[in-house]
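Student: My questions all concern the structure below.
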Amino acid sequence: MPVQDMEKIFQDTVDREVKIEPLNWMPDAYRKTLVRQISQHAHSEIVGMLPEGAWITRAPSLKRKAILLAKVQDEAGHGLYLYSAAETLGTSREQMIDDLHTGKAKYSSIFNYPTVTWADIGAIGWLVDGAAILNQVMLCRTSYGPYARAMVRICKEESFHQRQGFDILLTLSNGTEEQRAMCQDAINRWWWPSLMMFGPRDTESTNSDQSMKWKIKRKTNDELRQQFVDMCVEQVKVLGMTLPDPDLKWNEESGHYDFGEIDWNEFWAVVKGNGPCNKERLEARRQAWEEGTWVREAAAAHAAKQQSKKQASAA
Amino acid sequence: MNTFPRRFFYGDIPGDNTGGDSTPTSTAAATDWPLWEIFIRSKQGLDHKHVGSLHAADARMAIENARDVYTRRLEGVSIWVVESRYIHASSPDEADSLYEPAADKIYRHPTFYQLPDEVNHM
Ligand SMILES: [Fe+2]
Ligand SMILES: [Fe+2]
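Chain order of the listed sequences is A and B. Under the numbering used here, the first residue of the first sequence carries the number 167, and numbering increases by one thereafter. Under the numbering used here, the first residue of the second sequence carries the number 45, and numbering increases by one thereafter.
Have a look at this one:
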């Protein structure tokens, strides 16, 4: 069958809202887009453990420590679900890890910002996981079956992340003057980078149209960003805090909040590797991989030994 | 990520290394631990259901990792693991010949039979 016919069948399937599964024919560009997007998403879950992991030993109570540990462990699981989904497209785990470590693959820029106080853990849960959830809820309906299934699993676990973050900030907001200041400071620092998580404006975003047509995405960057702003403006009131944007204003006509311009220079600088923690994050990942080499080798050797023992006793 | 190898290691995908007992040969497989498919029984009395996959050096590690990844919130009471390359899959190219014949046999469904009201709960 000519490729054009295959493409037509593929697009018809997508249009009828039937999921594409690993065995189905798909355009090379669809496969490539998915591998890039899913592996990038997986890397973000894994690198995302680093800023929060830094506070596990310094959590203010045993309860908070247990919660943060559980949250970070969830993120490791999310990374695994996503790597597995990407592997169904014919790329190997090792290739993806390698692409991360050589800097060829990207991960979400948000994790290149430092966590300087305990309040940052609250702000990450509320804003960063909150922003991620909007994207992930949309992706539960993505056209590629394994990706959609991974997202459903992830979304089930995410809402605890956002709620525990808000809970941290709520506690701080009811605390001493110093704790309240810490809370506001964390919100001030995480607000703009969180808005950047949705990516470039629709007018600047190159792959967006095709991804919408293939139903990989169902909402544009700007739509999701607007949804996030509308949500947070209401939630921040419960904390008795403010969002650091003088241009935030209810727009009667659009039915949404208008907001100020993102510093796109900062956005591109961090994407290109010049954020506050880019080098540190990648270095930590590489180091963990290298220091784990002996564990991987020992486990493989043990498995081989057990296998040959079994064969010997069967013979 | 410029190349997409024709060899697949996921049980859902036909490839040289799936649906058989051949030893993996590609370079990726040489260093990546084998891939395992994970099946979880959510409670006694229900079937094990496929939930995802993971890499592990052997079956024992696969079960231990599956426990950590897929049952953190009481999702299961029993775990099956099977190495992905042992899964045989039907091909989507055969879908028509395999499943089409069932389409016109509506008399296999109870709703095909219109019975008098008195016995229609049958
Ligand atoms: Fe996550
Ligand atoms: Fe999360």
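The beta carbon of each residue, even a glycine, is placed where N, CA and C say it ideally should be.
Note down, in chain order, all residues in the segment 459-477 of chain A with a beta-carbon under 8 Å from any beta-carbon belonging to chain B.
Tutor: R462, A465, A466, H468, A469, Q472 and Q473
Student: Who are the neighbours of V167(B) on chain A, taking C-beta pairs under 9 Å?
Tutor: Since the displayed chain B opens at 45 and closes at 166, residue 167(B) lies outside it and no answer follows.
Student: Can you list, in chain order, the residues of the segment 257-285 of chain A whose Cβ is nearer than 8 Å to any Cβ on chain B?
Tutor: T257, S258, R259, E260, Q261, M262, D265, K270 and A271
Student: Using only the alpha-carbon positions, how far apart do A464(A) and K471(A) sit?
Tutor: Residue mapping note: residue 464(A) aligns to position 298 of the first sequence, counting from 1. Residue mapping note: residue 471(A) aligns to position 305 of the first sequence, counting from 1. Computed Cα separation, rounded: 10 Å.
Student: If we require 4 or more residues per run, which alpha helix (DSSP H) segments fall completely within the segment 211-237 of chain A?
Tutor: For the segment 211-237 of chain A, whole alpha helix (DSSP H) runs of length 4 or above, ordered along the chain, are 215-219.
Student: With a floor of 4 residues, list each alpha helix (DSSP H) that falls wholly inside the segment 235-279 of chain A, ordered by position along the chain.
Tutor: 259-267
Student: Looking at S371(A) and S274(A), is the spacing between their C-beta atoms short of 9 Å?
Tutor: Within the first sequence, residue 274(A) is the residue found at index 108, counting from 1. Within the first sequence, residue 371(A) is the residue found at index 205, counting from 1. No. Outside cutoff.
Student: Looking at the unbroken alpha helix (DSSP H) that takes in S374(A), where does it start and where does it end?
Tutor: Counting from one through the first sequence, the residue named residue 374(A) turns up at place 208. Where S374(A) is concerned, the enclosing alpha helix (DSSP H) starts and stops at S374 to K379.
Student: Which residues of chain A have a Cβ atom closer than 7 Å to the Cβ of V163(B), listed in chain order?
Tutor: Here the question's residue 163(B) lines up with position 119 in the second sequence. Simply none; closest approach about 38 Å.
Student: Rounded to whole angstroms, how far is the Cβ of I276(A) from the Cβ of P359(A), which I believe are closer than 8 Å?
Tutor: As a first step, residue 276(A) must be located in the first sequence, where it is residue number 110. As a first step, residue 359(A) must be located in the first sequence, where it is residue number 193. Right, the Cβ-Cβ distance comes to about 5 Å (below 8 Å), so this counts as a contact.
Student: Would DSSP call F425(A) helix, strand or coil?
Tutor: Walking along the first sequence from the start, residue 425(A) turns up at place 259. Looking at F425(A) - three-state DSSP - the assignment turns out to be coil, as it is neither helix nor strand.
Student: At the level of alpha carbons, what is the spacing between A466(A) and F83(B)?
Tutor: Reading the first sequence from its first residue, position 300 is the one you call residue 466(A). Reading the second sequence from its first residue, position 39 is the one you call residue 83(B). Each residue's Cα considered, the two are about 23 Å apart.
Student: Where do the ends of the alpha helix (DSSP H) carrying F83(B) lie?
Tutor: In the second sequence, residue 83(B) corresponds to position 39, counting from 1. Where F83(B) is concerned, there is no enclosing alpha helix (DSSP H), although the beta strand (DSSP E) it sits in stretches over L79 to R85.
Student: Would you mind stating whether W284(A) and R224(A) have Cβ atoms separated by less than 9 Å?
Tutor: Residue mapping note: residue 284(A) aligns to position 118 of the first sequence, counting from 1. Residue mapping note: residue 224(A) aligns to position 58 of the first sequence, counting from 1. Yes; because the gap between Cβ atoms is below 9 Å, this pair is in contact.
Student: Give me the chain B residues within the contact set of R243(A), using Cβ-Cβ distance strictly less than 9 Å, ordered along the chain.
Tutor: Position 77 of the first sequence, counted from the first residue, corresponds to residue 243(A). The sequence given here has Gly at residue 243(A), not Arg. In chain order: D112, V113, Y114 and R116.
Student: Taking 8 Å as the threshold, find out whether the segment 311-331 of chain A comes into contact with the segment 390-398 of chain A through three or more Cβ pairs.
Tutor: no
Student: Taking 9 Å as the CB-CB limit, is E253(A) close to chain B?
Tutor: Here residue 253(A) is taken as the residue at index 87 of the first sequence, counted from 1. Closer than 9 Å to some Cβ of chain B, the Cβ of E253(A) qualifies, so yes.
Student: Would the C-beta of D240(A) count as close to ligand 1, meaning under 8 Å from any of its heavy atoms?
Tutor: Within the first sequence, the letter at position 74 stands for residue 240(A). Taken from the Cβ of D240(A), at least one heavy atom of ligand 1 lies inside 8 Å.
Student: Verify the CB distance criterion: does D76(B) have a CB-CB separation below 9 Å to chain A?
Tutor: By one-based count along the second sequence, residue 76(B) stands at place 32. With 9 Å as the cut-off, D76(B) counts as an interface residue toward chain A.
Student: As a quick exercise: from T281(A), H422(A) and R384(A), pick the residue whose alpha carbon is nearest that of I353(A).
Tutor: Numbered from 1 along the first sequence, position 187 holds the residue referred to as residue 353(A). Nearest of T281(A), H422(A) and R384(A) to I353(A), Cα basis: T281(A).
Student: Below 8 Å on the Cβ atoms is my contact criterion, and I expect Y313(A) with I204(A) to pass it. Report the Cβ-Cβ distance as a whole number of Å.
Tutor: Here residue 313(A) refers to the residue found at position 147 when the first sequence is read from its first residue. Here residue 204(A) refers to the residue found at position 38 when the first sequence is read from its first residue. Confirmed, Cβ separation roughly 6 Å.
Student: DSSP three-state call for V126(B): helix, strand or coil?
Tutor: Working through the second sequence from its first residue, we reach residue 126(B) at position 82. V126(B): strand per DSSP, three-state reduction.
Student: Whose C-beta lies closer than 8 Å to the C-beta of Q328(A) among residues of the same chain, with five residues either side of it excluded?
Tutor: Locating residue 328(A) in the first sequence gives position 162, where the first residue counts as 1. Around Q328(A): G291, W292, D295, G296 and I299.
Student: Just to confirm my understanding: we take N145(A), look at its own chain, exclude 5 residues before and 5 after, and list those with CB closer than 6 Å. What are they?
Tutor: Any answer about residue 145(A) is impossible in this case: the structure gives chain A only from 167 up to 481.
Student: What does Y247(A) touch in chain B if you count any residue whose Cβ is under 7 Å from its own?
Tutor: Residue 247(A) sits at position 81 when you count from the first residue of the first sequence. Correct list: G96.
Student: Nearest-angstrom Cα distance between M192(A) and M172(A)?
Tutor: Here residue 192(A) refers to the residue found at position 26 when the first sequence is read from its first residue. Here residue 172(A) refers to the residue found at position 6 when the first sequence is read from its first residue. So the two alpha carbons sit approximately 8 Å from each other.
Student: Any contact between the segment 94-107 of chain B and the segment 248-259 of chain A? By contact I mean 3 or more CB pairs, one from each, below 8 Å.
Tutor: yes
Student: Check each residue of the segment 124-154 of chain B: if its Cβ is closer than 8 Å to any Cβ of chain A, include it; give the result in chain order.
Tutor: A133, S135 and P136
Student: For M105(B), return the contacting residues in chain A, with the cut-off set at a CB-CB distance below 7 Å.
Tutor: Along the second sequence, one-based indexing puts residue 105(B) at 61. Within 7 Å Cβ-Cβ: A465.
Student: May I ask which residues mark the beginning and end of the beta strand (DSSP E) holding L336(A)?
Tutor: As a working note, residue 336(A) is residue 170 in the first sequence. No beta strand (DSSP E) holds L336(A); the alpha helix (DSSP H) holding it covers G311 to S339.
Student: Based on DSSP bridge pairs, tell me the residues matched to G96(B).
Tutor: Indexing the second sequence from 1 puts residue 96(B) at position 52. G96(B) pairs with I82(B).
Student: State the Cα-Cα distance for the pair F53(B) and N373(A), rounded to the nearest angstrom.
Tutor: In the second sequence, counting from the first residue as 1, residue 53(B) sits at position 9. In the first sequence, counting from the first residue as 1, residue 373(A) sits at position 207. Low confidence applies to F53(B): its pLDDT is 39, below 50, so where it sits in the model is not reliable, and the reading given next is rough at best. Between F53(B) and N373(A), the alpha-carbon positions lie close to 29 Å from each other.
Student: Return yes when the C-beta of D102(B) is under 8 Å from any heavy atom of ligand 1, and no when it is not.
Tutor: Locating residue 102(B) in the second sequence gives position 58, counting from the first residue. No, Cβ of D102(B) sits at least 8 Å from all heavy atoms of ligand 1.
Student: Going along the chain, which unbroken runs of the beta strand (DSSP E) with 3 or more residues stay wholly within the segment 365-414 of chain A?
Tutor: none
Student: With distances taken Cα to Cα, identify the nearest neighbour of W380(A) among M167(A), E183(A) and V169(A).
Tutor: Taking the first residue of the first sequence as 1, we reach residue 380(A) at position 214. The residue with the shortest Cα to Cα distance from W380(A) is E183(A).
Student: Along chain A, which residues have their Cβ under 7 Å away from the Cβ of H99(B)?
Tutor: For this step, residue 99(B) is matched to residue 55 along the second sequence. Residues of chain A passing the Cβ test: R259.
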